[in-house]
Amino acid sequence: MLKAALLSLQIDHVRILQSRYEQVLADQGYDSLLISSGAAPKRFGDDQSWHFQGYGPFVHWTGLTGFENSWLLIRKGHKPLLSLHQPVDFWHANLELAQEPWLAEFELRFSDNHSAPGLDSVSRTAVIGDPSLLADVSGEHNPDALFDGLNETRVHKTAYEIACMAHANELAVTGHRAARNAFLAGASEFEINLAYQHATQQREADAPYHSIIGVNEHAGTLHYQYYDTAAPAKSRSLLMDAGVRYRGYCSDVTRMTAGVGEGRFGALVHGLETLQLRLCSMVGPGVDYLDIHRKAHLGIAALLSAAGLVSGLSDEKMVSEGVTRVFFPHGIGHFLGVQVHDVAGKPISPPADAPFLRLMRTLEPGMMVTIEPGLYFIPSLLEPLLSGALGHHMNRALIEELQGCGGIRIEDNVLVVSSGFRNLTREAEA
Ligand code: GLY
Ligand code: MN
Ligand code: MN
1 MLKAALLSLQ IDHVRILQSR YEQVLADQGY DSLLISSGAA PKRFGDDQSW
51 HFQGYGPFVH WTGLTGFENS WLLIRKGHKP LLSLHQPVDF WHANLELAQE
101 PWLAEFELRF SDNHSAPGLD SVSRTAVIGD PSLLADVSGE HNPDALFDGL
151 NETRVHKTAY EIACMAHANE LAVTGHRAAR NAFLAGASEF EINLAYQHAT
201 QQREADAPYH SIIGVNEHAG TLHYQYYDTA APAKSRSLLM DAGVRYRGYC
251 SDVTRMTAGV GEGRFGALVH GLETLQLRLC SMVGPGVDYL DIHRKAHLGI
301 AALLSAAGLV SGLSDEKMVS EGVTRVFFPH GIGHFLGVQV HDVAGKPISP
351 PADAPFLRLM RTLEPGMMVT IEPGLYFIPS LLEPLLSGAL GHHMNRALIE
401 ELQGCGGIRI EDNVLVVSSG FRNLTREAEA
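Each residue of the sequence shown is one higher than the one before, starting from 1 at the first, in the UniProt record's numbering.
Listed below in structure tokens is the structure:
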């Protein structure tokens, strides 16, 4: 999309938020809402801070992830007041604010201190943000009843948000291609990370989440968080789960690569990808997301049989006996937005057989979800299965062989539209 068109959509976005927020505030009996951008705390016993990424509601309005100690005041019938912290500081630089059209929708101030903008004392004000930053701020702090409504404003993405996430997917796809090439050339996890950062021009600390780069058995740790600096003697598999932020919005993409000569593992990757695409095509209005999760388990069961990993058990039995949960222990996905695991996904708790499912809603147009089935060889989960009553149904030799490849996850970002779905990740790859 042309930049001018995106900037025009951003103005619509701000106006839509103003109307959504006014409604939520009226419903809850508030005249105004003050939003803190947040601030990175110092590490205990140290003078160094954690890397900062702004508070979700502040980013939702502004797209600004890097402004600490800043404030946004929302009131009915007024332009939002954006107060950005710009201290006089010869140790650090102040962030530059690009002069873009959306700023005209705000009353903009710069402040050299941490104070919140002054408030009309007669207004009933809610204040949201990290409680440690609100001590001197008058108003009701983080009222529970308000959050459901505020979080709901993030569920149905505006055209601007969709365009941002489409571009965040394009950037991530570029990074994943570079990462795959690096892996196939024999690079280490560390070097693969560098290739991804270089291709996406994104600092690691600015990514929506810590990139998961698992080579060989590391691919079997769901959120593997280290990077080996030495490449293994044989590169058998790469699980790369990495996204990009664009104007505050996240992509969350996982791609798998089987190493040269890994025919059996490669066939399993292919099988999981076929299943993943089928699950993506289930996305549409009126679909219960839990149904997609359940279909994923049946699909994993079929794959386990077809690959010869499990025999003598029906697909249904594999699911009901918890066999598929050993190989696929996480949920099928989540909402995506200015946070990688975006808010408002669980108005009700997931059922006991899907404890890690992060999205328990019926899908509606405008919702952005991930679809990310996996199939892993995780020793701590496999051990009780292999030594238990169903152990004789398991192909130990094959499991042992594939354990060295760790596991598989394939993840796309999928938008619900009135006619079904748009797969932003596959569009970016096309
Ligand atoms: N990258 C974390 C997740 O896929 O949920
Ligand atoms: Mn992911
Ligand atoms: Mn995800």
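Heads up, the beta-carbon is just placed ideally off N, CA and C, and yes, glycines get one too.
With distances taken from each beta carbon to the nearest heavy atom of ligand 3, which residues come in below 7 Å, in chain order?
Asp252, Gly333, His334, Val340, Thr370, Glu372 and Glu411
Quick one: is the Cβ of threonine 254 within less than 6 Å of any heavy atom of ligand 2?
yes
Classification of arginine 124 by the beta-carbon crowding that lies within 10 angstroms, buried from 16 upward:
exposed
Judging by CA-CA distance, which residue of His13, Arg396 and Ala219 is the nearest neighbour of lysine 157?
His13
What residue does the beta strand (DSSP E) around serine 111 start on, and which one ends it?
107-111
Answer yes or no: do phenylalanine 106 and leucine 73 have a C-beta to C-beta separation smaller than 7 Å?
no
With aspartate 241 as the anchor, note down where its beta strand (DSSP E) starts and where it stops.
Per DSSP, aspartate 241 belongs to the beta strand (DSSP E) from 237-242.
Three Cβ pairs or more, each shorter than 8 Å: is that satisfied between the stretch 319-333 and the stretch 351-370?
yes
Measuring CB atoms only, is the stretch 242-253 touching the stretch 380-389, in the sense that at least three cross pairs come out at less than 8 Å?
no
Are leucine 303 and isoleucine 408 closer than 7 Å when you measure CB to CB?
no
Closer than 6 Å to a non-hydrogen atom of ligand 1 - does that hold for the CB of aspartate 315?
no
Spell out a yes or no on whether the stretch 259-277 and the stretch 323-339 are touching, meaning 3 or more CB-CB pairs, one atom from each, closer than 8 Å.
Segments in contact, no.
Out of Ala430, Ala296, Met360 and Asp144, which one is the CA nearest neighbour of leucine 25?
Asp144
Could you tell me how far apart the beta carbons of alanine 199 and threonine 174 are, in whole angstroms, since I believe they sit closer than 8 Å?
5 Å
Measure the alpha-carbon distance for glutamate 100 versus leucine 7 and round it to whole angstroms.
8 Å
Which residues mark the beginning and the end of the alpha helix (DSSP H) in which methionine 318 is found?
Start and end: 315-320.
Tyrosine 227 CB to nearest heavy atom of ligand 4 below 6 Å:
Absent from the structure shown: ligand 4. Ligands present: ligand 1, ligand 2 and ligand 3.
Within this structure, are the beta carbons of tyrosine 160 and leucine 9 separated by less than 7 Å?
Cβ atoms of tyrosine 160 and leucine 9: closer than 7 Å.
Can we count aspartate 47 as close to ligand 1, meaning its CB is less than 6 Å from some heavy atom?
no
Are there three or more Cβ pairs, one per stretch, closer than 8 Å when the stretch 256-267 is compared with the stretch 413-423?
no
For alanine 231, which residues of its own chain have a beta-carbon under 7 Å away from its beta-carbon, when the five flanking residues on both sides are left out?
Gly186, Ala187 and Ser188
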